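Numbering (UniProt numbering), first residue to last: 1 to 549. The beta carbon of each residue, even a glycine, is placed where N, CA and C say it ideally should be. Being a predicted model, the structure only gives us computed values, none of them experimental. Note sheet for the following structure.
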């Protein structure tokens with residue numbers, strides 16, 4: 001798109017120009033960012049100018065919401081903040097569902113956008129992409145939104161953001177660079193663009209750690225509840241569980257915090273009533289990095305008979321929903337090793353305690369998970385049987401995900417199920433899968449979601465084709481918005497606006513340049529196996545009946 005108010009630069013050479021766009025991206029590259037997600041537009045080209053020179057791969061999505069969800073999937077897989085580049089105005093605002101997801105799920109993201117030149121804010125003169133108050137709009141959704149006045153200020157925000165991601169609850173940030181600042185050539189000392197040391201993870205107060213260790217050492221039926229804040233300490237968490245003979249049950253964001261085929265893993269079934277009852281019987285509960293909110297519990301109550309210990313990087317979250325008897329403020333990467341040392345001083349190491357027999361709770365969780373949606377349990381198990389152990393599955397706010405995959409996919413490591421339990425929007429799965437596959441091309445990645453969810457982001461199938469990604473997309477069709485259909489019936493409302501006309505999914509896939517497959521429940525496993533061996537993206541369509549809770 002061109003605009004008559006912008007100078008004609010068609011005759012310019014491609015010699016390197018050092019401006020704020022370069023400074024920002026060079027700094028990001030020095031922190032390990034090698035991929036950005038977004039759509040080039042008239043106002044953001046001074047970001048795109050420098051990508052090839054810096055060795056940064058652009059993933060051009062077909063909508064900015066896909067860019068922010070792709071960045072989230074990349075971030076979860078790579079372990080670095082996802083970076084989104086939008087144009088001003090509508091491009092920026094289109095990305096905000098992904099930003100809101102990252103905020104709700106505590107995930108790091110950096111959104112870069114251009115803005116009106118300095119002195120032109122709030123002019124309301126009909127300029128291209130003019131928006132009343134873009135930073136104000138974004139600031140209401142992310143951790144913070146800043147409009148900068150210089151390249152140096154932007155670089156400083158990048159450094160501070162990485163430090164904040166490491167030491168605080170990671171949440172998205174936005175930087176708006178005025179067009180004149182973005183384009184202005186600058187001379188910067190290369191040293192200020194270099195990544196800065198992030199420092200060591202924050203430990204908890206030693207006296208509180210010793211008291212928590214004493215309480216855990218004296219417990220007979222401890223339980224560990226692990227959220228997304230535990231996954232950076234996965235190896236130490238497993239050692240702690242084995243030291244205490246404590247079963248570990250996770251939120252969905254904590255899924256895979258310990259391998260889910262381990263004898264002490266209760267999976268990510270914290271929302272099930274059998275899990276609630278089991279938790280209430282604990283004589284000590286250790287909660288690590290989780291809000292323990294509605295999205296985790298489905299309105300259940302897990303308050304135990306005994307005391308509660310909470311580890312959390314922020315005190316506000318530590319006091320949310322369940323008030324602890326002992327607070328251990330700090331990063332789980334530091335606090336769990338502290339607990340292990342304190343337990344060792346008390347004579348507890350892995351193998352010190354008799355193994356616990358957990359078969360009764362295993363059976364109860366399995367039976368309840370199957371009873372909720374038997375057909376979804378069945379089809380998930382058929383798929384999981386043929387997936388390699390290191391597969392990443394991207395789900396969506398679809399019944400097949402939250403009534404099936406969350407229970408019946410046994411994750412071998414953290415961030416193997418990409419999902420957003422709290423924000424719970426449709427349209428996440430496909431772009432998140434694209435981001436994950438770009439981040440880890442050597443790992444199998446599968447997108448498993450419902451037809452309603454896929455249609456929210458179906459245009460990103462073109463992105464997957466363009467990126468030449470080997471990516472099976474399993475679309476489970478229940479005729480539309482199945483969960484909402486059931487909600488209507490539960491309220492005495494005749495189903496309205498929930499039965500959706502379906503495309504020919506095989507032809508749709510082929511029209512995008514992907515491969516299309518049609519499966520039945522009996523042929524599902526073999527069809528998915530075939531899709532896994534097919535180069536490029538593929539769509540496996542499976543039609544099922546209505547799924548009831």
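Strand pairing of residue 535, partner residues [DSSP]: Walking along the chain shown from the start, residue 535 turns up at place 535. None; residue 535 has no bridge partner.
Residue range of the alpha helix (DSSP H) that includes residue 280: Start at 1 with the first residue of the chain shown, and residue 280 comes out as number 280. Segment 273 to 280, the alpha helix (DSSP H) holding residue 280.
Between the CA atoms of residue 44 and residue 537 - distance to the nearest angstrom: As a working mapping, residue 537 is identified with position 537 in the chain shown. As a working mapping, residue 44 is identified with position 44 in the chain shown. Counting only the Cα atoms, residue 44 lies some 29 Å from residue 537.
Mind checking who residue 19 pairs with in its DSSP beta bridge? Counting from 1 along the chain shown, the entry for residue 19 is found at position 19. Looking at the DSSP assignment, residue 19 forms a beta bridge with 185.
Contact check, residue 283 vs residue 219, beta carbons under 7 Å: Within the chain shown, residue 283 is the residue found at index 283, counting from 1. Within the chain shown, residue 219 is the residue found at index 219, counting from 1. In this structure, residue 219 lies closer than 7 Å to residue 283 by Cβ.
Just to confirm the assignment: which complete alpha helix (DSSP H) runs, minimum length 4, are found wholly within the stretch 68 to 138? Counting only runs of 4 or more, we get 90 to 94, 96 to 105.
Does the beta-carbon distance from residue 302 to residue 529 come in below 7 Å? Start at 1 with the first residue of the chain shown, and residue 302 comes out as number 302. Start at 1 with the first residue of the chain shown, and residue 529 comes out as number 529. Judged by beta-carbon spacing, residue 529 lies beyond the 7 Å limit of residue 302, meaning their Cβ atoms are not closer than that value.
Have a look at 39, 97, 79 and flag the residue whose alpha-carbon is nearest the alpha-carbon of residue 456. Counting from 1 along the chain shown, the entry for residue 456 is found at position 456. Minimum Cα distance to residue 456 is reached at 97.
Can you give me the start and stop residues for the alpha helix (DSSP H) that residue 159 sits inside? For this step, residue 159 is matched to residue 159 along the chain shown. 151 to 167 is the span of the alpha helix (DSSP H), which, as asked, contains residue 159.
What is the residue span of the beta strand (DSSP E) that residue 472 lies within? Position 472 of the chain shown, counted from the first residue, corresponds to residue 472. 472 to 477 is the span of the beta strand (DSSP E), which, as asked, contains residue 472.
Do residue 19 and residue 184 have their beta-carbon atoms positioned less than 7 Å apart in this structure? Your numbering for residue 184 matches position 184 in the chain shown. Your numbering for residue 19 matches position 19 in the chain shown. In this structure, residue 19 lies closer than 7 Å to residue 184 by Cβ.
Can you give the Cα-Cα distance for residue 400 and residue 449, rounded to whole angstroms? Within the chain shown, the letter at position 400 stands for residue 400. Within the chain shown, the letter at position 449 stands for residue 449. Note on geometry: alpha-carbon atoms of residue 400 and residue 449 lie some 6 Å from one another.
Can you check whether the CB of residue 84 is closer than 7 Å to the CB of residue 71? Here residue 71 corresponds to residue number 71 of the chain shown, with the count starting at 1. Here residue 84 corresponds to residue number 84 of the chain shown, with the count starting at 1. Result yes, Cβ atoms of residue 71 and residue 84 sit closer than 7 Å.
So, using beta-carbon positions, are residue 532 and residue 472 closer together than 7 Å? By 1-based counting over the chain shown, the position of residue 532 is 532. By 1-based counting over the chain shown, the position of residue 472 is 472. Between residue 532 and residue 472, the gap from beta carbon to beta carbon is short of 7 Å.
Which residue wins for smallest C-alpha separation from residue 189, given the options 22, 460, 511? Here residue 189 corresponds to residue number 189 of the chain shown, with the count starting at 1. That would be 22, whose Cα lies nearest to the Cα of residue 189.
Under 8 Å: do the stretch 175 to 182 and the stretch 101 to 119 share three or more Cβ pairs, one atom per stretch? Verdict: yes, contact present.
Do residue 143 and residue 94 have their beta-carbon atoms positioned less than 7 Å apart in this structure? Locating residue 94 in the chain shown gives position 94, counting from the first residue. Locating residue 143 in the chain shown gives position 143, counting from the first residue. Note that the C-beta distance between residue 94 and residue 143 is not below 7 Å.
Along the chain, where does the alpha helix (DSSP H) containing residue 369 start, and where does it finish? For this step, residue 369 is matched to residue 369 along the chain shown. Per DSSP, residue 369 is one residue of the alpha helix (DSSP H) stretching across 359 to 372.
Closest to residue 476 by CA distance: which of 470, 541, 520 is it? Sequence index remark: in the chain shown, residue 476 carries index 476 (1-based). When each option's Cα is compared against that of residue 476, the closest is 541.
Residue 534 versus residue 519 - alpha carbon distance: The residue you call residue 534 lines up with position 534 of the chain shown. The residue you call residue 519 lines up with position 519 of the chain shown. If you take the alpha carbons of residue 534 and residue 519, they lie about 15 Å apart.
Do residue 458 and residue 480 count as a contact pair if the criterion is CB distance below 7 Å? Locating residue 480 in the chain shown gives position 480, where the first residue counts as 1. Locating residue 458 in the chain shown gives position 458, where the first residue counts as 1. No, the pair does not count as a contact, with Cβ atoms beyond the cut-off.
Counting C-beta neighbours from all protein chains within 10 Å, is the total for residue 222 16 or more, i.e. buried, or is it exposed? Taking the chain shown and counting its residues from 1, the one referred to as residue 222 is at position 222. Counting the other Cβ atoms within 10 Å of the Cβ of residue 222 gives 16 or more, which makes it buried.
Can you give the beta carbon distance from residue 56 to residue 33, rounded, assuming they're within the 8 Å contact cut? Counting from one through the chain shown, the residue named residue 56 turns up at place 56. Counting from one through the chain shown, the residue named residue 33 turns up at place 33. About 7 Å; that satisfies the 8 Å criterion.
Go through its chain and collect everything with a Cβ distance to residue 319's Cβ below 6 Å, but skip five positions before and after it. Translated into the one-based positions of the chain shown, residue 319 becomes position 319. Cβ neighbours of residue 319 within its own chain (closer than 6 Å, five residues either side excluded): none.
In this structure, does DSSP put residue 8 in helix, strand or coil? Working through the chain shown from its first residue, we reach residue 8 at position 8. In this prediction, residue 8 has a pLDDT of 45, which is less than 50 and means its spatial position is unreliable; what the coordinates show is noted afterwards. Residue 8: coil per DSSP, three-state reduction.
Express the C-alpha separation of residue 418 and residue 432 in angstroms, rounding to a whole number. Position 432 of the chain shown holds residue 432. Position 418 of the chain shown holds residue 418. Rounded to whole angstroms, residue 432 to residue 418 spans 7 Å at the Cα level.
Within 10 angstroms of its Cβ, does residue 134 collect 16 or more other Cβ (buried), or is it exposed? One-based indexing of the chain shown puts residue 134 at position 134. Residue 134 counts as buried, since no fewer than 16 other beta carbons sit within 10 angstroms of its beta carbon.
Run through the DSSP bridge pairs and tell me what residue 394 is partnered with. As a position in the chain shown, residue 394 is number 394, starting the count at 1. Listed as beta-bridge partners of residue 394 by DSSP are 418, 447.
Rounding to the nearest angstrom, what Cα-Cα distance links residue 46 and residue 122 in this structure? Numbered from 1 along the chain shown, position 46 holds the residue referred to as residue 46. Numbered from 1 along the chain shown, position 122 holds the residue referred to as residue 122. Residue 46 and residue 122: Cα-Cα distance of roughly 23 Å.
Keeping to the same chain, check which residues put their C-beta closer than 6 Å to that of residue 543; ignore five residues upstream and five downstream. Taking the first residue of the chain shown as 1, we reach residue 543 at position 543. Closer than 6 Å at the Cβ level, and outside the excluded window around residue 543, lie 477.
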